[in-house]
Amino acid sequence: MNAPMSTPRICHAEHMPGTVAQDAHVPVLIVGGGACGLTAALMLHDAGVDCAVLERDATPLGSSALSSGFIPAPGTQAQRAAGIDDSPERFAADISAKAKGRAAPHLVQAYAQAIGPALDALQARHGLQWQVLDGFLYPGHSVRRMHATPEKTGVGLMGRLANAVTAVDIPLITEATVRELWVNAQQRVIGVGYGRPDGTLEHLACDALILACNGFGGNPAMVRELLPEMRDALFAGHTGNDGSAIAWGQALGARLADLGGYQGHGSWAIPQGALISWALMMEGGIQVNALGERFHDETQGYSEASVHVLAQPGGVAWNVFDAPILALARSFPDFVDAEAAGAVKHCDSVQALAALIGCEESKLIATLASTTSASGQNEDNRRVFARPLQAPFCAVKVTGALFHTQGGLDIDAQCRVLGQTGQPFPNLLAAGGAARGVSGDAVWGYLSGNGLLSAVAGGYIAANTAARLNRQKV
Ligand SMILES: Cc1cc2nc3c(=O)[nH]c(=O)nc-3n(C[C@H](O)[C@H](O)[C@H](O)COP(=O)(O)OP(=O)(O)OC[C@H]3O[C@@H](n4cnc5c(N)ncnc54)[C@H](O)[C@@H]3O)c2cc1C
């Protein structure tokens, strides 16, 4: 497998350079300051365990800040207050159904159980206020359970997590790119070496390590090798996702899992480079190709839609919708930004829409007519809508993009990294995009929100495990 660009490596020794002094030791180290790493840090703080976060960037953002910041969770205080009946069992069933039973069952159970308490803890102890998104259901979710901070953006989510970390004085060491994992003869991680912008390498010792440095979406060579259908796709995530965790895992003899799993998105506006919410499709919008033809059932999910869009002429499609859907779309900050950037085109008639797309008018008229039917289904088994799309129309030119990878280090339900025989490493944990997710091993297994679910629930569980390891040591 192709190595990441920063060539992370494993160093075998009983001691590291420069860590004899006690101040160069932290009980738990966390590599990566995204949603996973910062959640883990806050939970460790609450458990009374000292930790530090090492983050390669000057500000902790990661893919989490590029995301919409939507996190699915059952049974939270916010969801109960909204009067929604849900349970971890129901959520787990939805996750498993989307992945057609191919998502790791132990993680599905663990994450579905943990995410509610995790969001409640972030709210009660660190002031993150959650609201449940209203008005539509994401594909595959049987009830409304998508949570967001009031900003409804990943930047808002990360800003609140980072403020919470600062408020309780957790050391957040930025511009620190972890390159080395130091491991002793018992396969215990004894610390890390991290590069500084001036080229120096510093070392920190630890009793346990949490890898929260996401996956390999930012490593084109690994994408070409492991996700060949996305080799030419745009990557909309954080370029620091270079596959470091996988490289360390391989060098240590760790097991990898679900490497073919990933989140794609079939609604990435071009040339603006912006996310157009899939809520538009769930509410009756459709995708047509350059020939004016509808080419898939949009309600199956935005992840697999990425592959369908990329298979169309020119690898592009048009999202077509009308005024009522535009009103809903404008409740999403991502969409508002995309509209401000000129992504949304307005057409008074089918003729104008056909001219914009460059297709035959008659073909487009037939396509639009086929989006409604009395039987509730058309001949292609694509969902049809009770209300026909009506002029004036809106259209956004989109392509399929890679958002993040869902395969990685194999972990148990406590987020302990597993070796080839299934035995956990003594003190190495992984969560979020660094570990395997709950989407199985294919693009269509991704249920909306599985990314931040793995990050936040995984960070919560990994912190609990690290705190337990810390107590056992004392
Ligand atoms: C456009 C877009 C929209 C999305 N929307 C959603 C959504 O609404 N809901 C959802 O569930 N998911 C969404 N996702 C997916 C979601 O963003 C990710 O699954 C999630 O952010 C992963 O969190 P993480 O903490 O594991 O990784 P990240 O947030 O990427 O954090 C990893 C951090 O590790 C740092 N790092 C990496 N390597 C090193 C190293 N060697 N040393 C030090 N630091 C390192 C990185 O700089 C980064 O800050 C979206 C993704 C994209 C791209």
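718 is the number of the first residue of the sequence shown in the numbering used here; add one for each residue after it. The beta carbon of each residue, even a glycine, is placed where N, CA and C say it ideally should be.
Closer than 7 angstroms: residue i CB and nearest ligand 1 heavy atom
{"i": "residue 914", "result": "no"}
{"i": "residue 727", "result": "no"}
{"i": "residue 849", "result": "no"}
{"i": "residue 812", "result": "no"}
{"i": "residue 773", "result": "yes"}
{"i": "residue 1059", "result": "no"}
{"i": "residue 823", "result": "no"}
{"i": "residue 777", "result": "yes"}
{"i": "residue 955", "result": "yes"}
{"i": "residue 873", "result": "no"}
{"i": "residue 980", "result": "yes"}
{"i": "residue 858", "result": "no"}
{"i": "residue 1124", "result": "no"}
{"i": "residue 1170", "result": "yes"}
{"i": "residue 993", "result": "no"}
{"i": "residue 920", "result": "no"}
{"i": "residue 1151", "result": "yes"}
{"i": "residue 788", "result": "yes"}
C-beta contact flag for residue i and residue j at 8 angstroms
{"i": "residue 869", "j": "residue 1049", "result": "yes"}
{"i": "residue 748", "j": "residue 895", "result": "yes"}
{"i": "residue 1170", "j": "residue 777", "result": "no"}
{"i": "residue 745", "j": "residue 768", "result": "yes"}
{"i": "residue 840", "j": "residue 846", "result": "yes"}
{"i": "residue 965", "j": "residue 1143", "result": "no"}
{"i": "residue 1127", "j": "residue 1153", "result": "yes"}
{"i": "residue 733", "j": "residue 962", "result": "no"}
{"i": "residue 1042", "j": "residue 1000", "result": "yes"}
{"i": "residue 1148", "j": "residue 764", "result": "no"}
{"i": "residue 771", "j": "residue 911", "result": "yes"}
{"i": "residue 1024", "j": "residue 1117", "result": "yes"}
{"i": "residue 1029", "j": "residue 1055", "result": "no"}
{"i": "residue 972", "j": "residue 1137", "result": "yes"}
{"i": "residue 920", "j": "residue 741", "result": "yes"}
{"i": "residue 890", "j": "residue 899", "result": "no"}
DSSP beta-bridge partners of residue i
{"i": "residue 1039", "result": "1110"}
{"i": "residue 877", "result": "DSSP lists no partner for residue 877."}
{"i": "residue 1005", "result": "1011, 1035"}
{"i": "residue 979", "result": "1122"}
{"i": "residue 897", "result": "726, 910"}
{"i": "residue 793", "result": "Its beta-bridge partners do not exist; DSSP assigns none."}
{"i": "residue 943", "result": "None, per the DSSP bridge assignment."}
{"i": "residue 863", "result": "789"}
{"i": "residue 1062", "result": "1112"}
{"i": "residue 930", "result": "None, per the DSSP bridge assignment."}
Own chain residues within Cβ distance below 6 angstroms of residue i, not counting five before or after
{"i": "residue 1038", "result": "997, 1002, 1111"}
{"i": "residue 823", "result": "1130"}
{"i": "residue 1011", "result": "1003, 1005, 1084"}
{"i": "residue 1174", "result": "828, 831, 832, 835"}
{"i": "residue 1098", "result": "Interpretation of residue 1098 is limited by its pLDDT of 49, a score under 50 that renders its predicted location unreliable; the figure taken from the coordinates is listed afterwards. Result list for residue 1098: empty, nothing under 6 angstroms."}
Close-in-space but distant-in-sequence residues of the same chain around residue i (CB under 8 angstroms, 5 per side omitted)
{"i": "residue 1019", "result": "856, 981, 982, 983, 984, 995, 998, 1165"}
{"i": "residue 954", "result": "780, 783, 931, 934, 935, 1119, 1120, 1121"}
7 angstroms CB neighbourhood of residue i in its chain, flanking five on each side removed
{"i": "residue 1179", "result": "757, 927, 1132, 1146, 1148"}
{"i": "residue 809", "result": "825, 826, 829"}
{"i": "residue 1159", "result": "977, 978"}
{"i": "residue 1080", "result": "1008, 1009, 1010"}
Any non-hydrogen atom of ligand 3 within 7 angstroms of residue i CB
{"i": "residue 1137", "result": "Of the ligands one can find in the structure shown, namely ligand 1, none is ligand 3."}
>> Pairs of beta-carbons, one from the segment 788-805 and one from the segment 1105-1116, closer than 8 angstroms: are there three or more?
In response: no
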